[in-house]
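One structure is given below, encoded as structure tokens.
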Amino acid sequence: MFLSQLKTGGVICRQGEAARLVPGYTTTYDLAKAAIAAGTSVANLIEKQGAGDAVDLMALAAEGKLDCPVRHPDPAHMYLTGTGLTHTGSASARDNMHADTAGMSDSMKMFRMGMEGGKPKPGEIGVQPEWFYKGNGFNAVAPGDDLVSPSFALDGGEEPEMAGYYIIGEDGTAHRLGFSVANEFSDHVTEKINYLFLAHSKLRPASFGPELRVGALPDHVEGTSRIIRAGQTVWEKPFLSGEANMSHTIANLEYHHFKYALFCQPGDLHVHMYGTATLSVADGFVTQEGDVFEIESPQFGLPLRNRLAKAAAETVKVKML
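Yeah, the sequence shown ends on 321 if you go by UniProt numbering, and it's all consecutive.
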């Protein structure tokens with residue numbers, strides 16, 4: 001089962017080739033909240049609602065009418081976060097950026113910690129991962145819309161990742177809705193200057209969807225990340241995800257995010273990205289304004305496409321009250 005959301009309001013459920021509107025709901029957020037309140041699954045609630053009008057999902061995507069699969073009505077209550085160095089192939093690219101004179105970077109040390117303690121036995125707590133904040137719902141970009149790099153950025157590069165969606169119930173419990181592909185867009189040149197600039201490099205928009213796969217993350221995920229310039233593919237590489245290709249379990253990453261009471265406030269929406277091992281910047285590729293990022297995995301429905309744009313310079317003003 002896959003869920004999509006229309007920018008103008010409306011939830012689409014696709015099963016197989018059939019895509020239909022879900023009667024009675026205009027947002028995926030409201031649908032999920034209703035399922036939590038009823039103590040049932042989203043799938044059961046959709047079945048109870050019955051079949052709505054059929055839609056052409058591919059046409060809607062091509063026309064730019066699909067939004068991120070889930071949004072919070074108040075962007076300030078939508079957290080965009082992520083974890084890095086979680087995939088078994090992720091250390092080499094990061095290590096090249098953060099090598100130190102001792103011969104082992106902090107990135108490599110963190111990666112090794114994950115390999116040794118990121119998949120704890122049942123009942124045990126594993127090592128905590130690297131964690132970062134990308135912003136709130138203001139930074140969540142719809143499929144097909146531009147990923148706008150700020151004027152002060154030194155780079156704008158893609159990161160093909162899996163994103164998990166969580167809504168917090170009234171009792172503070174995190175309810176996982178499902179997963180989608182994501183472009184965890186970042187400034188890798190700024191990050192490379194100094195590892196302590198990682199926080200700055202992550203404060204960029206990110207894009208999600210177009211479709212959210214309801215349920216658990218497959219153990220093995222395959223996809224392709226590519227960059228298209230003037231209609232031609234100028235960089236392309238496969239990527240892997242799922243726990244078979246990760247140094248952490250999803251449960252361990254979830255524990256180390258939701259162990260903070262701050263992230264367990266009723267009604268909040270969390271979109272958490274789980275890291276990647278595939279980056280064009282690791283191959284020395286330099287993106288340009290107008291490039292189109294395309295991230296696809298057949299296991300997660302329609303591909304995610306966004307064009308790279310650059311914001312005009314703005315003056316920062318601070319006034320004394």
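Backbone N, C-alpha and C define an ideal beta-carbon position, used for all residues, glycine too.
Secondary structure at residue i, three-state DSSP: helix, strand or coil?
i, result
"GLN232", "strand"
"HIS248", "coil"
"GLU254", "helix"
"LEU85", "coil"
"PHE300", "helix"
"ILE36", "helix"
"ARG14", "strand"
"HIS188", "helix"
"THR28", "helix"
"SER105", "coil"
Using a Cβ-Cβ cutoff of less than 7 angstroms, which residues in the same chain neighbour residue i once the five nearest sequence positions on both sides are dropped?
i, result
"LEU80", "LYS134, GLY135, ASN136, ASN139, ALA140, ALA206, VAL271"
"ILE168", "ALA174, CYS264, GLN265, PRO266, GLY267, ASP268"
Got a sec, what are the start and stop residues for the beta strand (DSSP E) residue i sits in?
i, result
"LEU212", "212-214"
"GLN5", "2-5"
"VAL134", "Correcting the residue type first, residue 134 is Lys in the shown sequence and not Val. Looking at the DSSP string, the run of the beta strand (DSSP E) that includes LYS134 is 130-135."
"HIS270", "269-273"
Going by beta carbon distance, what residues of the same chain come within less than 6 angstroms of residue i, once the five residues before and after it are set aside?
i, result
"GLY301", "PHE2, GLU211"
"MET273", "GLY82, GLU161, ALA163, ALA182, GLU184"
"GLN49", "VAL22, PRO23, GLY24"
Report the option in the options whose CA atom is closest to the CA atom of residue i.
i, options, result
"MET58", "THR40, ARG20, GLY24, LEU31", "ARG20"
"VAL221", "GLU289, ALA244, LEU147, LYS192", "ALA244"
"LYS65", "GLN5, THR249, ALA282, GLY82", "GLN5"
"ASP187", "THR287, THR83, SER105", "THR287"
"GLY275", "ALA216, PHE239, GLY284", "PHE239"
"ILE193", "ASP155, THR224, LYS319", "ASP155"
Can you list, in chain order, the residues of its chain with a C-beta nearer than 8 angstroms to that of residue i? Leave out the 5 residues immediately preceding and following it.
i, result
"PRO218", "GLY242, GLN299"
Using the Cβ count rule (16 or more neighbours within 10 Å means buried), how would you classify residue i?
i, result
"PRO143", "buried"
"LYS202", "buried"
"TYR165", "buried"
"SER107", "buried"
"GLN232", "exposed"
"PRO303", "buried"
"ILE36", "buried"
Could you check where the alpha helix (DSSP H) with residue i kicks off and where it finishes?
i, result
"GLN49", "42-49"
"ALA59", "57-62"
"ALA174", "It is not in any alpha helix (DSSP H) - ALA174 instead sits in the beta strand (DSSP E) that spans 174-183."
"SER201", "198-202"
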